[in-house]
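Just so it is clear: in the sequence shown, position 420 is 420 by the UniProt record's numbering, and no numbers are missing.
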Amino acid sequence: MTDAAPQPVFLKDYTPFGFLVDQVELNVHLHPTATRVRAKIAFRPNPAARDRRFFLHGEDLTLISAAIDGTPVTPEITPEGLSCPVPEAPFTWEAEVEIAPAENTALEGLYMSNGMYCTQCEAEGFRKITFYPDRPDVMAPFRVRIDGDLPVLLSNGNPVAQGAGWAEWNDPWPKPSYLFALVAGELVATSDRFTTSEGREVALNVWVRPADQGKADYALDSLIRSMKWDEEVYGRAYDLDVFNIVAVDDFNMGAMENKGLNVFNSRYVLASPETATDRDYENIERIIAHEYFHNWTGDRITCRDWFQLSLKEGLTVFRDSQFSADMRSAAVKRIEDVMTLRARQFREDNGPLAHPVRPESYAEINNFYTATVYEKGAEVIGMVRRLVGPEGYAKALDLYFARHDGQACTIEDWLQVFEEATGRDLTRFKRWYSQAGTPRVKVTEDFKDGTYTLHLEQKTPPTPGQDEKLPQVIPLALGLLSPNGDEVLPTTVIELTEARQEAVFEGLAAKPVPSLLRGFSAPVILERDSTPEERAFLLAHDTDPFNKWEAGRSLAREVLIAMVTEDAAPAPAWLDALAAVVRDEALDPAFRALALRLPGEDELAEALADRGAVPDPLAIHAARERAKTAVARHLDPLWAGLYAQMACPGPYSPGAADAGRRALRLAALGYMARLDGGA
């Protein structure tokens with residue numbers, strides 16, 4: 001006999017929980033195989049709810065006792081939770097359960113990691129700690145007492161009191177149960193203090209195992225910079241007296257934004273110059289920032305239900321991308337985000353698992369954490385910002401934080417603040433949240449008597465369950481360059497809203513070269529015929545970093561495919577344009593290093609397959625090797641000077657400036673070695 005298949009959950013079936021929670025008090029007495037959790041929860045009827053059935057989620061819990069207003073009760077228990085009659089008035093629920101953290105190999109709820117107690121409650125892990133309405137729209141302040149024989153006992157919020165073998169924590173900000181956290185273990189802290197823009201003194205701690213002491217300095221530095229940036233760019237100050245981060249070896253997510261107590265997989269906290277790469281430091285910086293930014297976009301304002309997951313994750317991914325762009329190379333950050341989007345989310349959109357940013361249903365919540373929800377969700381936020389402008393975006397965010405602080409919200413709540421703050425009607429834009437698939441934008445053009453016309457057509461292919469697609473609102477950023485490389489039209493945004501549109505530009509002395517989809521202004525596939533000469537021109541002259549890179553990448557791919565299929569020589573125009581990029585000291589070193597990176601063998605194989613050819617791995621590898629040698633020889637006069645110029649004197653610094661210089665120096669060294677070795 002097999003378990004029944006999980007029943008799908010539908011967005012249309014959402015109903016609010018029948019009760020509000022005013023206060024949660026937990027007493028957790030730790031034991032590896034017999035942890036006791038006593039819960040005292042103040043409920044009252046929810047006037048917005050029609051269904052007043054009292055049901056609390058609970059899984060793998062042994063119920064010891066239960067009472068309502070001090071009177072013992074015997075609830076009905078199922079594998080999913082419990083239910084029982086309750087008063088038609090405010091009441092206090094009390095329950096004691098027993099759980100076995102050492103036996104919890106699912107790493108959801110309370111579990112043990114090499115002697116350390118740790119929790120992971122998103123999405124539905126809290127129900128493995130105690131009986132509770134484990135859903136994101138039930139928010140409450142938590143007060144927690146931990147009893148245990150370990151020296152460090154942590155939970156959400158501010159420390160209230162502590163003694164030998166116990167500690168109490170109070171989180172005054174209402175939160176859903178998925179943000180609950182508890183950590184207990186033999187830990188040491190790397191600490192600092194931060195004064196917020198509101199004058200609050202905050203104690204900062206990054207907790208690690210004693211053997212890892214000395215490897216958390218960069219994580220702490222990243223946290224401080226994140227806090228400053230969120231104040232300066234979003235006006236969001238931290239709201240507790242302490243902020244704790246804990247590094248855990250066994251953690252089934254990269255990191256988790258639990259209120260005031262972020263829990264991280266150790267690889268995103270620990271780093272030392274002897275063992276960590278520049279990419280390791282960059283990831284630590286980005287993920288520390290992401291989880292901290294959740295304090296407002298995910299914690300103080302959360303999602304009403306899991307269908308709204310992109311409301312917190314898409315927005316916070318967008319915010320951490322902004323932060324990384326400010327801390328490091330903005331051009332490289334944008335390019336890498338798009339590379340990730342194309343590699344993960346575009347493939348998702350093009351397959352059997354395609355789904356909207358806000359799906360209509362799910363069968364298993366843990367499969368909900370997808371590239372579409374995160375990365376495409378962030379792109380949708382970026383499009384909103386591009387449509388309303390930075391000032392309109394800032395005004396709308398201020399309204400969002402003011403109106404919805406302490407609430408569990410929906411995509412409709414999010415879009416409404418933009419409509420009110422900017423006066424824009426975003427009804428049609430909302431399709432980005434409900435339609436799956438990647439739109440294709442086909443572009444043709446003509447030029448006559450000084451008038452340049454772009455003919456634009458959009459179409460989104462069918463996806464499972466969505467055969468017919470309506471036109472999307474697509475912000476298409478573009479510029480025009482003259483034949484001598486001057487920019488005759490700076491970046492302008494055309495709003496593509498219909499299946500077919502035209503954009504007309506008059507008074508031009510010569511046919512321009514278009515630079516389309518600048519900054520990758522929308523998550524679409526651009527379809528336009530262009531010549532290798534035009535792409536070489538854009539690589540050498542385009543003022544938009546993304547399109548400069550895109551032209552070079554596309555041209556390199558075509559050159560390599562010709563080398564594979566026709567045994568052609570590397571195109572001189574491509575080599576000359578690459579040389580122009582490397583010589584351009586106005587471009588940051590990280591961007592120049594990225595521009596020198598050839599398309600990978602997998603990318604070339606995929607491109608060949610798309611053209612109906614059978615990829616030959618040996619031929620692809622040989623072509624890339626020949627192309628690398630051609631680049632090395634063509635730019636030979638530049639390598640030695642570039643290598644010397646990009647030196648980073650002094651001890652190792654993980655900062656963006658030195659990392660970019662190292663990347664370009666390493667590229668130069670690789671090409672020099674290729675020449676020296678005769679490859």
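Every residue gets a Cβ at the ideal spot worked out from N, C-alpha and C, and that includes glycine.
| query | Taking contact to mean at least 3 C-beta pairs separated by less than 8 Å, is the segment 386-396 in contact with the segment 415-422? | reply | yes
| field | CB of Y433 within 9 Å of CB of V504, strictly | value | Reading the sequence shown from its first residue, position 433 is the one you call residue 433. Reading the sequence shown from its first residue, position 504 is the one you call residue 504. Cβ atoms of Y433 and V504: not closer than 9 Å.
| message | I believe P6 touches N46 by the beta-carbon criterion, under 8 Å. Please report the beta-carbon distance rounded to the nearest angstrom. | response | Sequence index remark: in the sequence shown, residue 6 carries index 6 (1-based). Sequence index remark: in the sequence shown, residue 46 carries index 46 (1-based). About 27 Å separates the two Cβ atoms, so there is no contact after all.
| message | Going by DSSP in three states, Q466 sits in which element: helix, strand or coil? | response | Here residue 466 corresponds to residue number 466 of the sequence shown, with the count starting at 1. Of the three classes helix, strand and coil, the one that applies to Q466 here is strand, per DSSP.
| message | Restricting to runs no shorter than 4 residues, where is the alpha helix (DSSP H) found entirely within the segment 389-459? | response | 411-422 and 431-434
| said: For R52 and P359, I'd like the C-alpha separation in whole angstroms. | reply: Translated into the one-based positions of the sequence shown, residue 52 becomes position 52. Translated into the one-based positions of the sequence shown, residue 359 becomes position 359. Approximately 27 Å, taken between the alpha carbons.
| In chain order, which continuous runs of the alpha helix (DSSP H) of length 4 or greater are located wholly inside the segment 600-651? | 601-610, 617-634 and 636-645
| Among A609, E201, E198 and T190, the one whose alpha carbon lies nearest that of W207 | Position 207 of the sequence shown holds residue 207. The option with the nearest alpha carbon to W207 is T190.
| field | Where A509 falls, given that 16 or more other Cβ within 10 Å makes a residue buried | value | Along the sequence shown, read from residue 1 onward, the residue named residue 509 stands at position 509. Exposed is the call here.
| message | Cutting at 7 Å between CB atoms, please list the residues of its own chain near F418, excluding the five before and the five after it. | response | Here residue 418 refers to the residue found at position 418 of the sequence shown. Taken in chain order, the residues that qualify are V384, V388, A396, R424 and L426.
| message | Buried or exposed for T340, going by 16 or more other Cβ atoms inside 10 Å? | response | By one-based count along the sequence shown, residue 340 stands at place 340. Answer is exposed; the Cβ neighbour count stays below 16.
| request: Look at the alpha carbon of F401 and the alpha carbon of Y234, and state the distance between them as a whole number of angstroms. | output: Translated into positions along the sequence shown, residue 401 becomes position 401. Translated into positions along the sequence shown, residue 234 becomes position 234. Spanning the two alpha carbons is a distance of roughly 10 Å.
| Residue environment, R145, which counts as buried when at least 16 other CB atoms sit within 10 Å | Residue mapping note: residue 145 aligns to position 145 of the sequence shown, counting from 1. Classification of R145: buried, given that the 10 Å Cβ count is 16 or more.
| message | Need the endpoints of the beta strand (DSSP E) that M116 sits in, please. | response | Within the sequence shown, residue 116 is the residue found at index 116, counting from 1. Taken as a continuous stretch (DSSP letters only), the beta strand (DSSP E) holding M116 covers M116 to Q120.
| Helix, strand or coil at K376 according to DSSP, with G and I counted as helix | As a first step, residue 376 is located in the sequence shown; it is residue number 376 there, counting from the start. Of the three classes helix, strand and coil, the one that applies to K376 here is helix, per DSSP.
| said: I'd like the list of long-range same chain contacts for E445, defined as Cβ closer than 6 Å, with 5 residues on each side in sequence excluded. | reply: The sequence position of residue 445 within the sequence shown is 445, counting from 1. For E445, where only same-chain residues beyond five positions count, the Cβ hits under 6 Å are L454.
| field | Beta-carbon spacing of F537, A577 below 9 Å | value | Counting from 1 along the sequence shown, the entry for residue 537 is found at position 537. Counting from 1 along the sequence shown, the entry for residue 577 is found at position 577. It is a contact, given that the beta carbons lie within the stated cut-off.
| query | Exposed or buried, R334, counting other C-beta atoms within 10 Å across all chains shown (16 or more means buried)? | reply | As a working note, residue 334 is residue 334 in the sequence shown. The residue is buried, with at least 16 neighbouring Cβ atoms inside 10 Å.
| From I561 to P79, what does the alpha carbon distance come to, in whole angstroms? | As a first step, residue 561 must be located in the sequence shown, where it is residue number 561. As a first step, residue 79 must be located in the sequence shown, where it is residue number 79. I561 and P79: Cα-Cα distance of roughly 57 Å.
| said: Only counting the same chain, and skipping five residues up and downstream in sequence, which positions put a Cβ closer than 6 Å to that of T2? | reply: To locate residue 2, count along the sequence shown from 1; it is residue 2. Confidence in T2 is poor, its pLDDT being 47 and thus under 50, which makes the residue's placement unreliable; the coordinate value appears in the next sentence. Excluding positions up to five away in sequence, the list is empty.
| Which residue's Cα is closest to the Cα of R127: L154, W173 and L179? | The residue you call residue 127 lines up with position 127 of the sequence shown. Of the listed residues, the one whose Cα sits closest to R127 is L179.
| message | Less than 6 Å between C-beta atoms, sequence neighbours within five positions excluded: which residues of the same chain meet that for D305? | response | Mapped onto the sequence shown, residue 305 falls at position 305. If we look at D305 and ignore the five residues flanking it on each side, its Cβ neighbours are Y14.
| said: Let me confirm a value: L608 is counted as buried when at least 16 other C-beta atoms fall within 10 Å, else exposed. Which label applies? | reply: The residue given as residue 608 occupies position 608 in the sequence shown. The residue in question, L608, is buried, as its Cβ has 16 or more Cβ neighbours within 10 Å.
| Rounded to whole angstroms, how far is the Cβ of A140 from the Cβ of Q23, which I believe are closer than 8 Å? | Taking the first residue of the sequence shown as position 1, residue 140 is located at position 140. Taking the first residue of the sequence shown as position 1, residue 23 is located at position 23. At roughly 6 Å, the Cβ-Cβ gap stays under 8 Å, so A140 and Q23 are in contact.
| query | Between P90, I99 and D230, which lies nearest to E291 when the distance is taken from Cα to Cα? | reply | As a working note, residue 291 is residue 291 in the sequence shown. Out of P90, I99 and D230, D230 has the C-alpha closest to the C-alpha of E291.
| request: Rounded to whole angstroms, what's the CA-CA distance from A630 to P589? Just pull it up for me. | output: Along the sequence shown, one-based indexing puts residue 630 at 630. Along the sequence shown, one-based indexing puts residue 589 at 589. Each residue's Cα considered, the two are about 21 Å apart.
| request: Could you say if the segment 164-174 and the segment 190-204 meet the contact criterion of at least three C-beta pairs nearer than 8 Å? | output: no
| said: When you compare the segment 64-81 with the segment 152-161, are there three or more beta-carbon pairs, one atom per stretch, that lie closer than 8 Å? | reply: no
| Between the C-alpha atoms of V188 and P471, what's the straight-line distance to the nearest angstrom? | Working through the sequence shown from its first residue, we reach residue 188 at position 188. Working through the sequence shown from its first residue, we reach residue 471 at position 471. Rounded to whole angstroms, V188 to P471 spans 55 Å at the Cα level.
| request: Would you please state the rounded distance, in angstroms, between the beta carbons of E98 and R38? I believe it to be under 8 Å. | output: Position 98 of the sequence shown holds residue 98. Position 38 of the sequence shown holds residue 38. The Cβ separation is near 10 Å, so there is no contact.
| task | Rank P356, C118, R386 and P532 by C-alpha distance to the C-alpha of A184 and give the top, closest one. | result | Taking the sequence shown and counting its residues from 1, the one referred to as residue 184 is at position 184. Minimum Cα distance to A184 is reached at C118.
| query | Among the residues of its own chain, which have a CB less than 6 Å from the CB of L664, if the five just before and after it don't count? | reply | Residue 664 sits at position 664 when you count from the first residue of the sequence shown. Once the five neighbours on either side are set aside, the close Cβ partners of L664 are P589, R592, A593 and M646.
| said: So, with DSSP's three-state summary, where would you put M112? | reply: The count along the sequence shown starts at 1 and reaches residue 112 at position 112. M112 falls in the strand class under three-state DSSP.
| message | So, with DSSP's three-state summary, where would you put P75? | response | Residue 75 sits at position 75 when you count from the first residue of the sequence shown. Coil at P75, not helix or strand.
| message | To test your reading of the DSSP string, which unbroken alpha helix (DSSP H) runs of 4 or more residues are found completely within the segment 534-572? | response | 545-566
| Should E379 be labelled buried (16 or more other beta-carbon atoms within 10 Å of its own) or exposed? | As a working mapping, residue 379 is identified with position 379 in the sequence shown. E379 is buried by the Cβ-count criterion.
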